Amino acid sequence: MGGIASKAKAFDADLHQREEHALGPPSKTMDASEYAQELVYLVSRTVETHLNLLPVPGKRRTLEAKQMIIRVLKNRGEGENDGKMYYIKCKTDVAEWPWIFVKLYEPPLVTGVARVEFRAMKKMKEEYKLVTF
């Protein structure tokens, strides 16, 4: 079992390193847009799972996007269809974790059902400045 876990960890580290190399510099921190709020909504069930919350049928918990940073894939220009990594700071209604940072990837070409992929999340007990991770 240990061998499989270490291979998975090595794969994740390699993926993170390749992503960092492919992405351009981060934008300045800006107020979250309606589009960022929509992206957070698309991955809200995954976020709830990472917060160890049981799903409530017919109800979604409040995840309010406050700030965001965008990184665009290098050598792709500034077009509308370029791949982007979003780092979004959200306020939650969960008492234990009132603030979270969500890392979402929007590929240049959508080949699946969802147009955005959940990559990572950081949970915080108090508000911090948004950073890339």
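What the sequence shown shows, in our numbering, is residues 1384 to 1516, in sequence order. Just so you know, even glycine gets a beta-carbon here, dropped at the ideal spot from N, CA and C. In this text, all values refer to a predicted model and were calculated from it rather than measured experimentally.
| Check | Outcome |
| --- | --- |
| With DSSP as the reference, identify every bridge partner of glutamine 1400, one or two as the case may be. | In DSSP, glutamine 1400 forms no bridge with anything. |
| On the three-state DSSP scale, how would you describe valine 1423? | helix |
| Smallest Cα separation from leucine 1516: which of Ile1471, Val1426, Glu1447? | For clarity, residue 1516 is phenylalanine in the given sequence; the question names leucine instead. The candidate whose alpha carbon is nearest that of phenylalanine 1516 is Ile1471. |
| Taking 7 Å as the cut-off, decide whether the C-beta atoms of threonine 1494 and isoleucine 1483 are in contact. | no |
| On the DSSP bridge assignment, give the partners of threonine 1475 in chain order. | Leu1446 |
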